[in-house]
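Visitor: 1 is the number of the first residue of the sequence shown in the UniProt record's numbering; add one for each residue after it.
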Amino acid sequence: MSNENPLWPLVDAKKQDFFALADRVWDTPELLYKEHRSAAAHREMLQAQGFRITDNVAGIETAMMGEAGEGGPVIAILGEYDALPGLSQKAGVAEPDAVEAGGSGHGCGHNLLGSGALLAATAVKDWLAANGLPGRVRYYGCPAEEGGAAKTFMVRDGVFDDVDAALSWHPFNFNGILPPLTLAVAMVDFHFKGRTAHAAVAPHLGRSALDAVELMNVGVNYLREHVPQDSRIHYAVTNSGGIAPNVVQENATVRYSVRSLKRQDMQSLVERVTNVARGAAMMTDTTVTVDFISAMSEMLDNPPLYKLLQSHMEAAGPAQMDATDLAFAKDIQATVGAESIDAAYQASGVQPSDAVMHDGVIPYETRGVPMLGSTDLGDISWKVPFAQLTGATMAIGTTLHTWQTTAQGKSPAAHKAMAQVSKALAGAAAELLTKPQVLAEAKADFRERTARTPYQSPLTPDAKPRVA
Numbered sequence: 001m002s003n004e005n006p007l008w009p010l011v012d013a014k015k016q017d018f019f020a021l022a023d024r025v026w027d028t029p030e031l032l033y034k035e036h037r038s039a040a041a042h043r044e045m046l047q048a049q050g051f052r053i054t055d056n057v058a059g060i061e062t063a064m065m066g067e068a069g070e071g072g073p074v075i076a077i078l079g080e081y082d083a084l085p086g087l088s089q090k091a092g093v094a095e096p097d098a099v100e101a102g103g104s105g106h107g108c109g110h111n112l113l114g115s116g117a118l119l120a121a122t123a124v125k126d127w128l129a130a131n132g133l134p135g136r137v138r139y140y141g142c143p144a145e146e147g148g149a150a151k152t153f154m155v156r157d158g159v160f161d162d163v164d165a166a167l168s169w170h171p172f173n174f175n176g177i178l179p180p181l182t183l184a185v186a187m188v189d190f191h192f193k194g195r196t197a198h199a200a201v202a203p204h205l206g207r208s209a210l211d212a213v214e215l216m217n218v219g220v221n222y223l224r225e226h227v228p229q230d231s232r233i234h235y236a237v238t239n240s241g242g243i244a245p246n247v248v249q250e251n252a253t254v255r256y257s258v259r260s261l262k263r264q265d266m267q268s269l270v271e272r273v274t275n276v277a278r279g280a281a282m283m284t285d286t287t288v289t290v291d292f293i294s295a296m297s298e299m300l301d302n303p304p305l306y307k308l309l310q311s312h313m314e315a316a317g318p319a320q321m322d323a324t325d326l327a328f329a330k331d332i333q334a335t336v337g338a339e340s341i342d343a344a345y346q347a348s349g350v351q352p353s354d355a356v357m358h359d360g361v362i363p364y365e366t367r368g369v370p371m372l373g374s375t376d377l378g379d380i381s382w383k384v385p386f387a388q389l390t391g392a393t394m395a396i397g398t399t400l401h402t403w404q405t406t407a408q409g410k411s412p413a414a415h416k417a418m419a420q421v422s423k424a425l426a427g428a429a430a431e432l433l434t435k436p437q438v439l440a441e442a443k444a445d446f447r448e449r450t451a452r453t454p455y456q457s458p459l460t461p462d463a464k465p466r467v468a
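1) Using the three-state DSSP reduction, which class does ILE75 fall into: helix, strand or coil?
2) Counting pairs of Cβ atoms below 8 Å between the segment 110-130 and the segment 56-64, do you hit three or more?
3) Am I right that ILE77 and SER168 are in contact with their C-beta atoms under 8 Å? What's the rounded C-beta distance?
4) If you draw a straight line from the C-alpha of ILE129 to the C-alpha of VAL273, how long is it?
5) With DSSP run on the structure shown, which of helix, strand or coil describes LEU167?
6) With a Cβ-Cβ cutoff of 8 Å, do ALA419 and GLN408 count as a contact?
7) Leaving out the 5 sequence neighbours to the left and right, which residues in its chain are closer than 8 Å to ILE75 when beta-carbon positions are compared?
8) Within its chain, find whatever has a CB closer than 6 Å to the CB of GLN388; leave out the 5 residues flanking it on each side and keep chain order.
9) Who are the Cβ neighbours of TYR455 in its own chain at under 6 Å, not counting the five residues just before and after it?
10) For the segment 198-211 against the segment 277-286, are there 3 or more C-beta pairs whose distance is under 8 Å?
11) For SER104, which three-state DSSP category applies?
12) Using the Cα positions of ALA463 and SER257, report the straight-line distance between them to the nearest angstrom.
13) Under the rule that 16 or more other beta-carbon atoms within 10 Å means buried, what is SER2, buried or exposed?
14) I think ASN302 touches PHE386, with their Cβ atoms under 8 Å apart; what is that distance to the nearest whole Å?
15) How is the beta strand (DSSP E) around THR54 delimited, first residue to last?
16) Compute the Euclidean distance between the alpha carbons of VAL290 and ILE380, then round it to the nearest angstrom.
17) Looking at ALA440 and LEU305, is the spacing between their C-beta atoms short of 8 Å?
18) Quick check on DSSP: helix, strand or coil for SER2?
19) Determine the burial state of HIS204: buried for a count of at least 16 other Cβ atoms within 10 Å of its Cβ, exposed for fewer.
20) If I follow the unbroken beta strand (DSSP E) through GLU448, where does it start and stop?
21) Where does ARG466 land, buried or exposed, given buried means 16+ other C-beta within 10 angstroms?
22) Which residue marks the beginning of the beta strand (DSSP E) containing LEU389, and which one marks its end?
23) Please classify ASN175 as buried or exposed, where buried requires at least 16 other C-beta atoms within 10 Å of its C-beta.
24) Between the C-alpha atoms of ALA424 and PRO458, what's the straight-line distance to the nearest angstrom?
25) Are GLU44 and ARG37 touching if we call contact CB-CB under 8 Å?
26) Output the distance between the C-alpha atoms of THR450 and ARG195, rounded to the nearest integer angstrom.
27) Among residues of its own chain, excluding the 5 on either side of GLN333, which ones have a beta-carbon nearer than 6 Å to its beta-carbon?
28) So what's SER240 in DSSP terms, helix, strand or just coil?
29) Assign PHE328 to one of three DSSP states: helix, strand, or coil.
30) GLU80 bridges to which residues according to DSSP?
31) Grab the span of the beta strand (DSSP E) containing ALA252 for me, first residue to last.
32) How many Å lie between PHE446 and VAL384 at the Cα?
33) Relative to the alpha-carbon of ASP97, which residue among ALA417, THR402, ALA414, SER422 has its alpha-carbon at the smallest distance?
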């Protein structure tokens, strides 16, 4: 094609190697901050492709950065490769009984995310070298997005201080931009300590940490009526104090995730939840220790950068699926149900149809019903101009963090969609490197937004990356 972007053949030339990388990461799913085999696979690819590699980025063993080029602007393309617990599904099998109990799996498609991002970065590297152009492209291998907030720690450590703009993508049901609307979130453990005693002989001598946890949960449930409508409060009891009911529980822990649309509101709500914990400790004559684990900011918009990505996704177009791809997608759809399919269309703003996979690109102005989650990419967006795409790697109606997503993670359809997104990312990065006005517009929008609300890390000063 005469109007073909010069980056696209570079993606096509190496895409099979990166499909193999995505499958290799799928085969060795590892949880947050434990992605040693996945990180090693990405590092091997960086080395094979001739990137300059920085290991242990921000002091995180499974974080890395690969850079290529000299001088000029610095454009970052961000990848992920962490998995989720309990989602070890067999590839290509649309049956729930193919899940391995207790296993982990790529139920959010991060095996594709990291591999596709690195493929795009490699194409940009090759294009810069072939044309003798100034500019640098960086691939950041970012672990622990699923609750570990690694990018938030990386931002705090100054890893992105000299980056001019950053791009990423995420596997999904539809092709298009990923609307910049997420919730700020903090994860906090509340450790209660009481005093053990025989529950029948001397209950008056005991001080129940489990009672404190239960009272805290009741108190937070009453709090829910008096928080902004966009707030979310979730909890899990991670230590109930033992299994013997005739022993007063001396120790108990409850973990809370607290979300709001704005970082400042989230931080205020965390303090209110903490006050409930303090009250529960007072009522039970126990003590409570507040253990701050991680936090992420909400996403900051950057219309010039999102419109740039939109134009390149439209130019690349959707992946071309064959009959086998569509047949497997139809089998997956049969397991998710009509409600999930309807919800997918509502979230995307796309008019419902009989399609089993998306065969278009959602227009930029289209907005559906927001389905609010959280991501540590939010903190990237407050540090540098940032935008991201979605690629239709799965059947319409597939919900992330499910076995159905894992089942489709090695499929030919997922590979094809990943390659199309890589072309869009590479094309957008090349335009940022060679058209100063395009990059200047994204930076100007970023400066205007952050001037009104300067960024402050949502992390406490003593917070450190760790397995949560």
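No residue lacks a Cβ here, since even glycine has one placed at the ideal position from N, Cα and C.
Everything numeric in this text was worked out from a predicted model, so none of it was measured.
Guide: In short:
1) One-based indexing of the sequence shown puts residue 75 at position 75. Strand.
2) Taking a contact to require three or more Cβ pairs closer than 8 Å, the segment 110-130 and the segment 56-64 do not qualify as touching.
3) Here residue 77 refers to the residue found at position 77 of the sequence shown. Here residue 168 refers to the residue found at position 168 of the sequence shown. Contact holds; Cβ gap of about 7 Å.
4) Locating residue 129 in the sequence shown gives position 129, where the first residue counts as 1. Locating residue 273 in the sequence shown gives position 273, where the first residue counts as 1. Going by the sequence as given, residue 129 is Ala instead of Ile. For ALA129 and VAL273, the distance between alpha carbons rounds to 54 Å.
5) Your numbering for residue 167 matches position 167 in the sequence shown. In the structure shown, LEU167 falls within a strand segment according to DSSP collapsed to helix, strand and coil.
6) Translated into positions along the sequence shown, residue 419 becomes position 419. Translated into positions along the sequence shown, residue 408 becomes position 408. Against a cut-off of 8 Å, the Cβ pair of GLN408 and ALA419 comes out as no contact.
7) Here residue 75 refers to the residue found at position 75 of the sequence shown. Around ILE75: VAL124, GLY135, ARG136, VAL137, ARG138, VAL163, ASP164, ALA165, ALA166, LEU167, ALA429, LEU432, LEU433.
8) Counting from one through the sequence shown, the residue named residue 388 turns up at place 388. Answer for GLN388: SER168, TRP169, LEU178, listed in chain order.
9) As a working mapping, residue 455 is identified with position 455 in the sequence shown. Excluding residues within five positions, the ones whose Cβ falls inside 6 Å are TRP382.
10) yes
11) The residue you call residue 104 lines up with position 104 of the sequence shown. If DSSP states are grouped into helix, strand and coil, SER104 belongs with the strands.
12) Indexing the sequence shown from 1 puts residue 463 at position 463. Indexing the sequence shown from 1 puts residue 257 at position 257. Rounded to the nearest angstrom, the gap between the Cα atoms of ALA463 and SER257 is 16 Å.
13) As a first step, residue 2 is located in the sequence shown; it is residue number 2 there, counting from the start. Low confidence applies to SER2: its pLDDT is 44, below 50, so where it sits in the model is not reliable, and the reading given next is rough at best. Exposed, since its Cβ has fewer than 16 Cβ neighbours within 10 Å.
14) Position 302 of the sequence shown, counting from 1, holds the residue named residue 302. Position 386 of the sequence shown, counting from 1, holds the residue named residue 386. That pair is a contact at about 6 Å.
15) The sequence position of residue 54 within the sequence shown is 54, counting from 1. Where THR54 is concerned, the enclosing beta strand (DSSP E) stretches over 52-55.
16) Sequence index remark: in the sequence shown, residue 290 carries index 290 (1-based). Sequence index remark: in the sequence shown, residue 380 carries index 380 (1-based). Approximately 27 Å, taken between the alpha carbons.
17) The residue given as residue 305 occupies position 305 in the sequence shown. The residue given as residue 440 occupies position 440 in the sequence shown. Not closer than 8 Å, so no.
18) The count along the sequence shown starts at 1 and reaches residue 2 at position 2. With a pLDDT of only 44 at SER2, under the threshold of 50, the placement of this residue in the model should not be trusted; the figure read from the coordinates follows. It is coil, neither helix nor strand.
19) The count along the sequence shown starts at 1 and reaches residue 204 at position 204. Classification for HIS204: exposed.
20) Along the sequence shown, read from residue 1 onward, the residue named residue 448 stands at position 448. Going by DSSP, GLU448 is part of no beta strand (DSSP E) but of the alpha helix (DSSP H) stretching over 436-452.
21) What you label residue 466 is simply residue 466 of the sequence shown in a count that begins at 1. So ARG466 counts as exposed.
22) Residue numbering aside, residue 389 sits at position 389 when the sequence shown is read from its first letter. Where LEU389 is concerned, the enclosing beta strand (DSSP E) stretches over 386-392.
23) Here residue 175 is taken as the residue at index 175 of the sequence shown, counted from 1. When all chains shown are included, ASN175 counts as buried.
24) Along the sequence shown, one-based indexing puts residue 424 at 424. Along the sequence shown, one-based indexing puts residue 458 at 458. Near 32 Å, if we compare the C-alpha coordinates of PRO458 and ALA424.
25) Here residue 44 corresponds to residue number 44 of the sequence shown, with the count starting at 1. Here residue 37 corresponds to residue number 37 of the sequence shown, with the count starting at 1. Contact flag unset, no.
26) One-based indexing of the sequence shown puts residue 450 at position 450. One-based indexing of the sequence shown puts residue 195 at position 195. Looking at the two C-alpha atoms, the distance is approximately 49 Å.
27) Within the sequence shown, residue 333 is the residue found at index 333, counting from 1. Around GLN333: VAL356, ALA395, GLY397.
28) One-based indexing of the sequence shown puts residue 240 at position 240. The answer is coil: DSSP assigns SER240 none of H, G, I, E or B.
29) In the sequence shown, the residue the question calls residue 328 occupies position 328. Helix, per DSSP.
30) Taking the sequence shown and counting its residues from 1, one reaches residue 80 at position 80. Answer is CYS142, bridged to GLU80.
31) In the sequence shown, counting from the first residue as 1, residue 252 sits at position 252. Run containing ALA252: 251-260, per the beta strand (DSSP E) assignment.
32) The residue given as residue 446 occupies position 446 in the sequence shown. The residue given as residue 384 occupies position 384 in the sequence shown. In a straight line, the C-alpha of PHE446 is about 7 Å away from that of VAL384.
33) Here residue 97 refers to the residue found at position 97 when the sequence shown is read from its first residue. When only C-alpha atoms are compared, the closest one is THR402.
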